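J.:
In our numbering, the protein residues as written are 1 to 45.
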């Protein structure tokens with residue numbers, strides 16, 4: 001990834017809440033079974 005500085009202003013409250021929501025959805029519904037809590041459970045057996 002390349003990160004570049006911009007002059008764009010973001011509503012931090014909005015984007016942080018959006019990021020938390022997206023992370024929670026991905027954690028609870030992982031695209032493959034060997035990641036997230038399902039992967040932890042599977043690995044522990």
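No residue lacks a Cβ here, since even glycine has one placed at the ideal position from N, Cα and C. Nothing here was measured: the structure is a model prediction, and the numbers come from that model.
(1) Quick one: Cα of residue 8 to Cα of residue 18, how far?
(2) Taking residue 10 as part of the alpha helix (DSSP H), name the residues at either end of that continuous run.
(3) At the level of alpha carbons, what is the spacing between residue 14 and residue 4?
(4) Considering only their Cβ atoms, is the gap separating residue 30 from residue 42 smaller than 8 angstroms?
T.: Reading it off the structure:
(1) 18 angstroms
(2) According to the DSSP assignment, residue 10 belongs to no alpha helix (DSSP H), since it is labelled neither H nor E.
(3) 21 angstroms
(4) Cβ distance not < 8 angstroms, so residue 42 and residue 30 don't count as in contact.
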